[in-house]
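Report on one structure; see the data block that follows.
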Amino acid sequence: MHLFRLLLAGALVASSAASSNITIYRNESFVPGNQLPPSHATSDGGSIVELFLSLSRSTTWKLVSKTKFEGDTGEPEGMARVGDDRFFLSSGQWTVPTVHYNGTINGTDRTPGAGFAHMVIYDGQGRRIANATLTDPGDIEYHGGGIDYDGRYIWITLAQYRPNTTATIARIDPLTLEQTRLFRTHDHNGGIIHDTVTDELVTLNWGARNATAWSLKDYPRGFTPLPGFTPPQRAVPNPSFYVDYQDCKFLGHHAVPSALVKTQTNSNSNSNSKSEERPIMLCGGVATIGTNFNLGGLALVDLESMLPLWEVPMALTSDLGVSLTENPVDAAVVDGKLRLYFLPDQHNSTLYVYEAE
């Protein structure tokens, strides 16, 4: 991790430090004590994987708490639980709606619309601590997607709010809400995951139909200076059409039963071994089936192959009737039980915390 920090610090020569317009609501540290907690990968990731593999359609979910988030939350896109008393929320504010074309124009199906991307900090009681506006008026890339906390930074994509377009990959310092834009890509990107073991970034495009990866080991070497575009070093189609992943969290590299590992790459592992260590992320999402049925679900996904290792449907909804996995999701292990955090509703949002029985 020390080497990872040195590499990223040196990479600032090719990145762009973008100022954020920050509104302070409470005179409190963005992170309590200015002490960053560990990421899932270096703390509870292995336990989350182990407990998740025991879930099924018959799992009983116990409601632990409901907490109203203060103010207009816009459209929540991604959420990262940074310690026990802070939630960082990626939120969209739309000022001009997109309008669908009667077909495809320049590879996409709608007008760009307009709006702003925000990163909002809440405490465990749902009170707003601060709100950073990440984009400027007129920015065409104003959609902040799913986010991932790696123990030092929160990673986010700032994309056009339409498929097959463009996005900028950025990181945010949770201690200051300062953002650094690293590179751009020729596609809409939503979810993002930082594999701190391999130092790779993996992003998911519109509907999470494809995953693209960039290695940060040699950054900025091999990356096109902003505002140019940098092609991914690897692209993998998502073979699962169960749900469209909205928000994902990197859990680390962990051993899973070998029967679950069906990678699309050659493996040098012992085929007789009972388990194999794989890079794993937790993803939540929804899919519209037919015209009026929304299916919610959670999945453990192999970060390298995009193959789902374990999928669980979620029929639970918010009090407003929205699937709990509509947008942000995060997880923790509390007293040996798997606990999940959801924030599904737009504008008037409540944090739902459920525990697997």
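Just so you know, the sequence shown maps onto residues -18 to -1, 1 to 339 in mature numbering (1 follows the signal peptide of the UniProt record, and there is no 0).
All residues carry an ideal CB built from backbone N, CA and C; glycine is no exception.
Would you call the CB atoms of GLU214 and ARG144 closer than 8 Å?
In the sequence shown, the residue the question calls residue 214 occupies position 232. In the sequence shown, the residue the question calls residue 144 occupies position 162. Checking the displayed sequence, the identity of residue 214 turns out to be Pro instead of Glu. Not a contact, by the Cβ cut-off of 8 Å.
Does the beta-carbon distance from MET263 to PHE232 come in below 8 Å?
On the sequence shown, residue 263 is found 281 positions in, with the first residue counted as 1. On the sequence shown, residue 232 is found 250 positions in, with the first residue counted as 1. A contact, by the Cβ cut-off of 8 Å.
What's the call for ILE271, buried or exposed, on a 16-neighbour Cβ count within 10 Å?
Counting from one through the sequence shown, the residue named residue 271 turns up at place 289. So ILE271 ends up on the exposed side.
Would you identify the three-state DSSP class for VAL64, choosing helix, strand or coil?
Residue 64 sits at position 82 when you count from the first residue of the sequence shown. Of the three classes helix, strand and coil, the one that applies to VAL64 here is coil, per DSSP.
Would DSSP call ILE30 helix, strand or coil?
Walking along the sequence shown from the start, residue 30 turns up at place 48. It is helical.
Within the same chain, show all residues whose beta-carbon is closer than 7 Å to that of THR42, passing over the 5 residues directly before and after it, in chain order.
Stepping through the sequence shown from its first residue, residue 42 is reached at position 60. The answer, listed in chain order, is GLU339.
Restricting to Cα atoms, I'd like to know which of GLU308, ASP130, PRO290 and THR194 is closest to MET296.
Counted from its first residue, the sequence shown places residue 296 at position 314. It is GLU308.
If I follow the unbroken beta strand (DSSP E) through ASN9, where does it start and stop?
Sequence index remark: in the sequence shown, residue 9 carries index 27 (1-based). Per DSSP, ASN9 belongs to no beta strand (DSSP E) and is neither H nor E.
With a Cβ-Cβ cutoff of 8 Å, do ALA23 and GLY234 count as a contact?
Sequence index remark: in the sequence shown, residue 23 carries index 41 (1-based). Sequence index remark: in the sequence shown, residue 234 carries index 252 (1-based). Against a cut-off of 8 Å, the Cβ pair of GLY234 and ALA23 comes out as a contact.
ARG166 and LEU208: beta carbons closer than 8 Å?
Your numbering for residue 166 matches position 184 in the sequence shown. Your numbering for residue 208 matches position 226 in the sequence shown. Contact flag set, yes.
Can you say whether ILE103 is buried or exposed, counting buried as having 16 or more other CB atoms within 10 angstroms of its CB?
Start at 1 with the first residue of the sequence shown, and residue 103 comes out as number 121. Buried: at least 16 other Cβ atoms inside 10 Å.
Thinking just about the alpha-carbon of each residue, which of GLY189, LYS319, THR212 and ASP181 is nearest to the one in LEU198?
Looking up residue 198 in the sequence shown gives position 216. It is ASP181.
Secondary structure, beta strand (DSSP E): runs of 3+ residues fully inside the stretch 173 to 259
182 to 187, 192 to 197, 216 to 219 and 226 to 239
Within the continuous beta strand (DSSP E) that includes ASP317, where are the two ends?
Residue mapping note: residue 317 aligns to position 335 of the sequence shown, counting from 1. Per DSSP, ASP317 belongs to no beta strand (DSSP E) and is neither H nor E.
Residue interval of the beta strand (DSSP E) (run including GLU293):
Position 311 of the sequence shown, counting from 1, holds the residue named residue 293. Looking at the DSSP string, the run of the beta strand (DSSP E) that includes GLU293 is 290 to 296.
DSSP three-state label for THR5, please.
The sequence position of residue 5 within the sequence shown is 23, counting from 1. It is a strand residue.
Please return the same chain residues whose Cβ sits closer than 6 Å to the Cβ of SER249, not counting the five positions on each side in sequence.
On the sequence shown, position 267 is the one that residue 249 refers to. Note that SER249 scores a pLDDT of 49, beneath 50, so its modelled location is shaky; the value from the coordinates is reported in the next line. For SER249, where only same-chain residues beyond five positions count, there are no Cβ hits under 6 Å.
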